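J.: Protein chains in written order, with this note's numbering: chain A, 13 to 179; chain B, 217 to 636. Ideal Cβ positions, reconstructed from N, Cα and C, are used throughout, including at glycine. The model shown is predicted, which means the values in this text are computed figures rather than measured ones. If you scroll down you'll find the structure; I have some questions about it.
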């Protein structure tokens, strides 16, 4: 996975839950591409048509709260979302995203850093997000080394393929 | 430094004497549970991790509950795939369509024990903290790692201590208590944290009520809810599991990140209004709101005492014309007990539709999906936009008593007005 993501911003508010990221009626789908077509459908019907590869979701507090459905970050990743940066992330969504190799990052104040449609530069390893239009940047909450190693591998599947015996 | 219940369990399961919050540990999993909508991705991922067999078929539980009976061809295929998987892997703990909702089945069938680590590919797995276990919801890929290795990493959570004191008034239930707690702590107020429930009210509370409390820990972002196992817990588990029970208590000098105290003696029934679970109001503020559907059921409130309180209110009365009252017992055991005691007859005579045990209506899967513009009062756990069907429908969350009273009037009603 890429540790430097540069993309357009799609901005959402607080408590965006997994029922709106991927509505329940699609949970019988397992094909990522098909799931991607319904990404964010509960809050933004046209999201999957508008989003381009590498775009970044900027969320408020408690992004991804609710159900444990991995279908939610899987749909985001499949439709091309390069990273999710939020004021705070719900626990299960955070784990699911990291496990899928989708950087999910917490950054206090990110809602005020960018507007919808801005470009944002996310540098996972340097721990920074930047708005090139304003030149402002913010620190992201540092990721534990163990989480970085899962992301570096590209997610939990490739990580475990290599490290399963020491897990 | 003393330890909380979560710290003690994670220390034991990761082979350590002590752990403290913030550390990352690899814990041995005692029970790994998955359901029909999360298992397929978990199984695929396990194979992609390079493992063909689960680490211990005796510790893997599969419950067909979210789309039960199959609501579509795709759901039927999923169920068939899972049956085949269980058979080939030697997993005896596959619970068929109709057995019940996973979070009811797990303790009923003796799969939950105090002091153990339970992971489930369902966010309401925190329910099992009601038995003094460390129980938490995970996604399908974490489930795959658990299936493949029997271990999972956890960041040892900080613990929030919630003390609940006082005697609940008549028709005010554990559901009203937990809604009050969530309203105060907020939808993300316990994110990543364990929530320990203490206090006289909890000690006096039935197992069903304790499950309702822990069930909704996730609705404040919690990693798990936990209640110390006591005599009542051991009494419930007796005859359900043969494994030795080793209850874990928190140390008197355990460190808590926050403490909250609730006095519930004068508590009014509570309602969470659309579209966030922490949007909690006293019932007097929302009384009279008309409803199209009422659901009594789910892993939050589909147990015998929930059906009983509903029957007490509905006895000799009729569900309001034009309102659908759905009653979903949480398991076959609950269903049978409600059948034998006459509770189901009371509910059926009042006009209720009694469904098989399923998660169905709660998450908009099937059996009671809402049309645009409809309003549902539900005893379940989430009132998110689109949760129970159309994104233009509205969901209010309340207790089974409030649900029954509201079904009679066709509008949100204080259940205290219905008894006297």
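Can you tell me the Cα-Cα spacing of residue 3/A and residue 154/A, whole angstroms?
T.: With chain A represented from 13 up to 179, any question about residue 3/A goes unanswered, as that position is not in the structure.
J.: Give, in chain order, every unbroken run of the alpha helix (DSSP H) that is at least 4 residues long and sits entirely within the stretch 101 to 140 of chain A.
T.: You should have 103 to 111 and 122 to 125.
J.: State the DSSP-derived secondary structure class of residue 52/A, mapped to helix, strand or coil.
T.: Reduced to three states, the DSSP call for residue 52/A is coil.
J.: Once the 5 residues before and after residue 507/B are set aside, which same chain residues still bring their CB inside 7 angstroms of it?
T.: Closer than 7 angstroms at Cβ, skipping near neighbours: 539, 591, 592, 593, 622, 626, 627 and 628.
J.: Among 272/B, 374/B, 340/B and 337/B, which one has its Cα closest to the Cα of residue 222/B?
T.: The shortest C-alpha separation from residue 222/B is found at 374/B.
J.: In whole angstroms, what separates the C-alpha of residue 355/B from that of residue 443/B?
T.: Each residue's alpha carbon lies about 24 angstroms from the other.
J.: So residue 23/A is in the beta strand (DSSP E); what residue range does that whole segment cover?
T.: Here the beta strand (DSSP E) through residue 23/A covers 16 to 23.
J.: Whose C-beta lies closer than 8 angstroms to the C-beta of residue 418/B among residues of the same chain, with five residues either side of it excluded?
T.: The residues are 380, 426, 429 and 443.
J.: Residue 260/B touches chain A at which residues, Cβ-Cβ below 9 angstroms?
T.: Ordered by position in chain A, the residues that pass the 9 angstroms Cβ test against residue 260/B are 42.
J.: For chain A, check one thing: does any of its Cβ atoms lie closer than 8 angstroms to the Cβ of residue 269/B?
T.: False, the Cβ-Cβ gap to chain A never drops below 8 angstroms.
J.: Would you report the Cα separation of residue 454/B and residue 61/A, rounded to the nearest angstrom?
T.: Distance between the alpha carbons of residue 454/B and residue 61/A: 56 angstroms.
J.: Alpha carbon to alpha carbon, how far is residue 84/A from residue 412/B? Give it in angstroms, no decimals.
T.: When rounded, the distance between both Cα atoms is 29 angstroms.
J.: Would residue 120/A count as contacting chain B if we go by Cβ distances under 8 angstroms?
T.: False, the Cβ-Cβ gap to chain B never drops below 8 angstroms.
J.: Which word fits residue 581/B, buried or exposed, when buried means at least 16 other C-beta atoms lie within 10 angstroms of its C-beta?
T.: Counting Cβ neighbours within 10 Å, residue 581/B comes out buried, since at least 16 surround it.
J.: When you compare the CB of residue 358/B with every CB in chain A, is at least one pair closer than 8 angstroms?
T.: Yes, contact with chain A.
J.: Leaving aside the five residues before and after residue 282/B along the sequence, list all residues of the same chain whose C-beta is less than 6 angstroms from its C-beta, in chain order.
T.: If we look at residue 282/B and ignore the five residues flanking it on each side, its Cβ neighbours are 251, 252, 253, 575 and 581.
J.: Considering only C-alpha positions, which residue in the set 301/B, 414/B, 370/B and 316/B is nearest to residue 268/B?
T.: Among 301/B, 414/B, 370/B and 316/B, the Cα nearest to that of residue 268/B belongs to 301/B.
J.: For the stretch 337 to 385 of chain B, which segments carrying the alpha helix (DSSP H) assignment without a break, of at least 4 residues, lie completely within its bounds, in sequence order?
T.: The qualifying runs are 356 to 365.
J.: Could you work out which residues of chain A lie near residue 240/B, taking near to mean beta carbons separated by less than 7 angstroms?
T.: Those within 7 angstroms of residue 240/B in chain A are 156 and 158.
J.: Could you give the distance in angstroms between the alpha-carbon of residue 135/A and the alpha-carbon of residue 163/A?
T.: Between residue 135/A and residue 163/A, the C-alpha separation is close to 13 angstroms.
J.: Whose C-alpha, out of 403/B, 231/B and 424/B, is nearest the C-alpha of residue 523/B?
T.: Nearest of 403/B, 231/B and 424/B to residue 523/B, Cα basis: 424/B.
J.: Put residue 95/A into one of helix, strand or coil per three-state DSSP.
T.: Strand at residue 95/A.
J.: Using a Cβ-Cβ cut-off of 6 angstroms (strictly less than) and excluding sequence neighbours within five positions of residue 601/B, which residues of its own chain qualify?
T.: Around residue 601/B: 491 and 607.
J.: When you compare only the Cα positions, how much space is there between residue 494/B and residue 304/B?
T.: Rounded to whole angstroms, residue 494/B to residue 304/B spans 44 angstroms at the Cα level.
J.: Below 8 angstroms on the Cβ atoms is my guess for residue 247/B versus residue 230/B; work out the distance and round it to an integer in Å.
T.: Not really, about 16 angstroms apart at Cβ, beyond 8 angstroms.
J.: Taking buried to mean at least 16 other C-beta atoms within 10 Å of its own C-beta, is residue 449/B buried or exposed?
T.: Residue 449/B comes out buried.
J.: Does the structure place the stretch 497 to 505 of chain B close enough to the stretch 548 to 568 of chain B that three or more beta carbon pairs sit under 8 angstroms?
T.: As far as the Cβ criterion goes, the stretch 548 to 568 of chain B does not touch the stretch 497 to 505 of chain B, which means the pair count is below three.
J.: Tell me whether residue 289/B is buried or exposed, calling it buried when 16 or more other Cβ atoms sit within 10 Å of its Cβ.
T.: When all chains shown are included, residue 289/B counts as exposed.
J.: Rounded to the nearest angstrom, how far is the Cβ of residue 90/A from that of residue 48/A, given a contact under 8 angstroms?
T.: At roughly 3 angstroms, the Cβ-Cβ gap stays under 8 angstroms, so residue 90/A and residue 48/A are in contact.
J.: Nearest CA to the CA of residue 353/B: which residue from 389/B, 333/B and 378/B?
T.: Comparing Cα-Cα distances from residue 353/B to each of 389/B, 333/B and 378/B, the minimum goes to 333/B.
J.: Comparing the C-beta of residue 73/A with each C-beta of chain B, is any distance below 8 angstroms?
T.: Interface residue, yes.
J.: By the criterion of Cβ-Cβ separation under 9 angstroms, what are the contact partners of residue 601/B in chain A?
T.: By Cβ distance, chain A contributes 29, 31, 32, 54 and 55.
J.: Once you ignore the five residues that flank residue 38/A on each side, which residues in its own chain have a CB closer than 6 angstroms to its CB?
T.: These residues qualify, in order along the chain: 50.
J.: I'd like the list of long-range same chain contacts for residue 86/A, defined as Cβ closer than 7 angstroms, with 5 residues on each side in sequence excluded.
T.: Correct list, in chain order: 44, 47 and 112.
J.: Where residue 23/A and residue 586/B are concerned, what is the direct C-alpha to C-alpha distance, given to the nearest angstrom?
T.: One C-alpha to the other measures close to 29 angstroms.
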